[in-house]
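I have placed the structure first, in the form of structure tokens, so that the comments after it can refer back to it.
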Amino acid sequence: MPELPEVEVVRRGLDAHVVGRALDSVEVLHPRPVRRHLAGAEDFAALVSGRRVLAARRRGKYLWLPLDSGDAVLAHLGMSGQLLVQPATAPPERHLRVRFGLGRPPGPDGGQRLELRFVDQRMFGGLSVSPGGADLPPEIAHIARDPLDPLFDDTRFVAAARQRASEVKRILLDQRLVSGIGNIYADEALWRARMHGSRPGTALRPAQLHRLLAEVRAVMAAALEQGGTSFDSLYVNVNGQSGYFDRSLHAYGREGDPCPRCGTPIRRIPFMNRSSYFCPRCQPPPRARRGLPRGARTGGRD
DNA sequence: ATGAATTCCTGTTGGC
DNA sequence: TGCCAACAGGAATTCA
Numbered sequence: 621m622p623e624l625p626e627v628e629v630v631r632r633g634l635d636a637h638v639v640g641r642a643l644d645s646v647e648v649l650h651p652r653p654v655r656r657h658l659a660g661a662e663d664f665a666a667l668v669s670g671r672r673v674l675a676a677r678r679r680g681k682y683l684w685l686p687l688d689s690g691d692a693v694l695a696h697l698g699m700s701g702q703l704l705v706q707p708a709t710a711p712p713e714r715h716l717r718v719r720f721g722l723g724r725p726p727g728p729d730g731g732q733r734l735e736l737r738f739v740d741q742r743m744f745g746g747l748s749v750s751p752g753g754a755d756l757p758p759e760i761a762h763i764a765r766d767p768l769d770p771l772f773d774d775t776r777f778v779a780a781a782r783q784r785a786s787e788v789k790r791i792l793l794d795q796r797l798v799s800g801i802g803n804i805y806a807d808e809a810l811w812r813a814r815m816h817g818s819r820p821g822t823a824l825r826p827a828q829l830h831r832l833l834a835e836v837r838a839v840m841a842a843a844l845e846q847g848g849t850s851f852d853s854l855y856v857n858v859n860g861q862s863g864y865f866d867r868s869l870h871a872y873g874r875e876g877d878p879c880p881r882c883g884t885p886i887r888r889i890p891f892m893n894r895s896s897y898f899c900p901r902c903q904p905p906p907r908a909r910r911g912l913p914r915g916a917r918t919g920g921r922d
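Sequential numbering of the first sequence, starting at 621, is according to our numbering.
As structure tokens, this is what we get:
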């Protein structure tokens, strides 16, 4: 599952190997990854074919490639998506969904034929053509900046979060307020901040939320440090199995393991059809609010 | 309008 | 050993 730092690595790879080239052929091998292109796969291919890529941009986990037509190719990797630059002669990947033939770059020696390939096992990701051009595509106008974006406004986020009665973990996952945080990083940041994900935003002090943002950035920075993904190679690679997941997670996926800080066993509770992991000692659950009817408290804690 | 639950996918894992 | 249910998750969609 590509996390934000990995998506940025992909963007840099696209910048290095795809920008400046033409997408001179397009082959859509499976309809699902272009489902958000409502006019269909043929229209998608027609709009992209022959167009030159002007840039590689990112907002949250979305990527887009402005084209010389004024359109842009909008991409999201979802759970398992990859964008690979491969020799055209390389055998097709098992889950290859869309392939773009790349024009030769300008210069005396264009080198071997290359392809940009969208590979996606589970197909939560996808591609579409947006009329937005180089600007933020309208389809993702609601996606907030991510915490690593220099223009991310911490104070604005803190103020918005304190207006919300939602659980703070939901707030971290709300793309309208802050982007780029998935279930894993949310749990890790909450563990680092010693904050239970069920705390309502309205109950948090500004300093606590600023601290939480700092911990989100720390998790992302640690991932970048440990990821070891190199983007000066030919391949624009996303490896969801990077060593980071094995070594650096303190709480996520560690039910029953001792908390690295206090030794208390990490607990797992259901959350939005998935799981939340936390240390019950370092991250004490919020007290039930007074005035609620008996049994009204939810959240799966005992 | 707001917030919460549901949904889409396929490969892996664990229980029996 | 094989079968099947549970699980994983970004974010749009649907529901209350």
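Heads up, the beta-carbon is just placed ideally off N, CA and C, and yes, glycines get one too.
task = Ignore the nearest five residues each way along the sequence and tell me which others in alanine 780's own chain have a CB closer than 7 Å to its CB.
result = If you number the first sequence from 1, residue 780 lands on position 160. Closer than 7 Å at the Cβ level, and outside the excluded window around alanine 780, lie Leu797.
Residue closest to leucine 747, alpha-carbon to alpha-carbon, out of Arg737, Leu756, Ala754 = For the purposes of this step, residue 747 is identified with residue 127 of the first sequence, where counting begins at 1. Considering only alpha carbons, the answer is Arg737.
key: Range of the contiguous beta strand (DSSP E) that encloses glutamate 735   = The residue labelled residue 735 in the question sits at position 115 within the first sequence. Element bounds for glutamate 735: 734-740.
task = Select from Arg724, Leu703, Ala710, Pro725 the residue whose C-alpha is nearest the C-alpha of arginine 717.
result = In the first sequence, the residue the question calls residue 717 occupies position 97. Residue Leu703 is the option with its Cα nearest to arginine 717.
task = Might you give, ordered along the chain, the residues of its own chain that have their beta carbon closer than 8 Å to the beta carbon of cysteine 902, omitting 5 neighbours on each side?
result = Your numbering for residue 902 matches position 282 in the first sequence. So the list reads Trp811, Arg814, Cys879, Arg881, Cys882, Thr884, once near-sequence residues are dropped.
ask   = Nearest to glutamate 835 by alpha carbon, out of Ala823, Leu792, Leu685?
value = Against the first sequence, residue 835 aligns to sequence position 215. Taking the Cα of glutamate 835 as reference, the smallest distance to any Cα among Ala823, Leu792, Leu685 is reached at Leu792.
inquiry  = Is the beta carbon of proline 712 closer than 8 Å to that of leucine 734?
reply    = The sequence position of residue 734 within the first sequence is 114, counting from 1. The sequence position of residue 712 within the first sequence is 92, counting from 1. Going by C-beta atoms, leucine 734 is not nearer than 8 Å to proline 712.
request  = Ignore the nearest five residues each way along the sequence and tell me which others in glycine 876's own chain have a CB closer than 7 Å to its CB.
outcome  = Working through the first sequence from its first residue, we reach residue 876 at position 256. Only Pro885, Ile886 meet the Cβ criterion.
message = Counting C-beta neighbours from all protein chains within 10 Å, is the total for aspartate 755 16 or more, i.e. buried, or is it exposed?
response = Position 135 of the first sequence, counted from the start, is the residue given in the question as residue 755. Its Cβ having fewer than 16 others within 10 Å, aspartate 755 is exposed.
ask   = Ends of the beta strand (DSSP E) at tyrosine 682?
value = Along the first sequence, one-based indexing puts residue 682 at 62. For tyrosine 682, the uninterrupted beta strand (DSSP E) segment begins and ends at 682-686.
inquiry  = Suppose you measure from the CA of alanine 659 to the CA of histidine 650; what does that come to, to the nearest Å?
reply    = Translated into the one-based positions of the first sequence, residue 659 becomes position 39. Translated into the one-based positions of the first sequence, residue 650 becomes position 30. Spanning the two alpha carbons is a distance of roughly 15 Å.
Leucine 832 and arginine 782 closer than 8 Å at C-beta = Residue numbering aside, residue 832 sits at position 212 when the first sequence is read from its first letter. Residue numbering aside, residue 782 sits at position 162 when the first sequence is read from its first letter. Taking 8 Å as the Cβ cut-off, leucine 832 and arginine 782 do not qualify as a contacting pair.
request  = Apply the 10 Å Cβ neighbour rule to valine 630 and answer buried if 16 or more other Cβ atoms are within range, or exposed otherwise.
outcome  = Counting from one through the first sequence, the residue named residue 630 turns up at place 10. That one is buried.
ask   = Taking C-alpha atoms, which residue in Gly640, Arg742, Phe772, His816 lies nearest to valine 788?
value = The count along the first sequence starts at 1 and reaches residue 788 at position 168. Among Gly640, Arg742, Phe772, His816, the Cα nearest to that of valine 788 belongs to His816.
Strand pairing of valine 648, partner residues [DSSP] = The count along the first sequence starts at 1 and reaches residue 648 at position 28. BP columns for valine 648 point to Val718.
inquiry  = Mapping the DSSP letters down to three states, classify arginine 894 as helix, strand or coil.
reply    = Residue mapping note: residue 894 aligns to position 274 of the first sequence, counting from 1. In the structure shown, arginine 894 sits in a strand (DSSP, three-state: E or B).
task = Please name the residue in Gln732, Ala695, Ala764 whose C-alpha comes closest to that of glycine 680.
result = In the first sequence, counting from the first residue as 1, residue 680 sits at position 60. Put simply, of Gln732, Ala695, Ala764 the residue whose alpha carbon is nearest the alpha carbon of glycine 680 is Ala764.
inquiry  = Excluding the 5 residues flanking threonine 758 on each side, which residues of the same chain have their C-beta closer than 8 Å to its C-beta?
reply    = Working through the first sequence from its first residue, we reach residue 758 at position 138. Rather than threonine, the amino acid found at residue 758 in this sequence is proline. Closer than 8 Å at the Cβ level, and outside the excluded window around proline 758, lie Ser750, Pro751, Gly752.
message = Which residue marks the beginning of the beta strand (DSSP E) containing arginine 679, and which one marks its end?
response = Numbered from 1 along the first sequence, position 59 holds the residue referred to as residue 679. Residues 677-679.
key: Close-in-space but distant-in-sequence residues of the same chain around aspartate 691 (CB under 7 Å, 5 per side omitted)   = Position 71 of the first sequence holds residue 691. For aspartate 691, same chain residues with a beta-carbon under 7 Å away, outside a window of 5 residues either side, are Leu667, Val749, Ser750, Pro751, Gly753 in chain order.
request  = Note down the Cα distance separating serine 786 from arginine 742, rounded to an integer number of angstroms.
outcome  = Residue numbering aside, residue 786 sits at position 166 when the first sequence is read from its first letter. Residue numbering aside, residue 742 sits at position 122 when the first sequence is read from its first letter. A direct Cα-Cα distance of roughly 30 Å separates serine 786 from arginine 742.
message = Let's test the definition: count the other Cβ atoms within 10 Å of the Cβ of arginine 641 and tell me whether it reaches 16, buried, or not, exposed.
response = As a first step, residue 641 must be located in the first sequence, where it is residue number 21. When all chains shown are included, arginine 641 counts as buried.
query = Going by beta carbon distance, what residues of the same chain come within less than 7 Å of proline 725, once the five residues before and after it are set aside?
reply = On the first sequence, position 105 is the one that residue 725 refers to. Cβ within range, chain order: Gly640, Arg641.
request  = Starting from phenylalanine 706, follow its DSSP beta bridges and name the residues at the other end.
outcome  = Numbered from 1 along the first sequence, position 86 holds the residue referred to as residue 706. Note on residue identity: the sequence assigns glutamine, not phenylalanine, to residue 706. Partner(s): Glu735.
query = Between the C-alpha atoms of serine 850 and alanine 838, what's the straight-line distance to the nearest angstrom?
reply = Here residue 850 is taken as the residue at index 230 of the first sequence, counted from 1. Here residue 838 is taken as the residue at index 218 of the first sequence, counted from 1. Note that serine 850 scores 41 on pLDDT, short of 50, meaning its location in the model is unreliable; the coordinates nonetheless yield the value given after this. Distance between the alpha carbons of serine 850 and alanine 838 is about 20 Å.
message = Considering just the uninterrupted stretch of the alpha helix (DSSP H) at glycine 633, what are its terminal residues?
response = Within the first sequence, numbered from 1, the residue matching residue 633 stands at position 13. Residues 624-637.
task = Have a look at His637, His762, Pro653, Asp807 and flag the residue whose alpha-carbon is nearest the alpha-carbon of glycine 701.
result = Locating residue 701 in the first sequence gives position 81, counting from the first residue. Per the Cα distances, Pro653.
request  = Tell me whether alanine 813 sits in a helix, a strand or coil according to DSSP, three-state version.
outcome  = Mapped onto the first sequence, residue 813 falls at position 193. The three-state secondary structure of alanine 813, taken from DSSP, is coil.
request  = Kindly list the residues whose CB is nearer than 6 Å to the CB of glycine 745, restricted to its own chain and excluding five residues on each side of it in sequence; keep chain order.
outcome  = By one-based count along the first sequence, residue 745 stands at place 125. So the qualifying residues of the chain are His696, Leu697, Gly698, Gly701.
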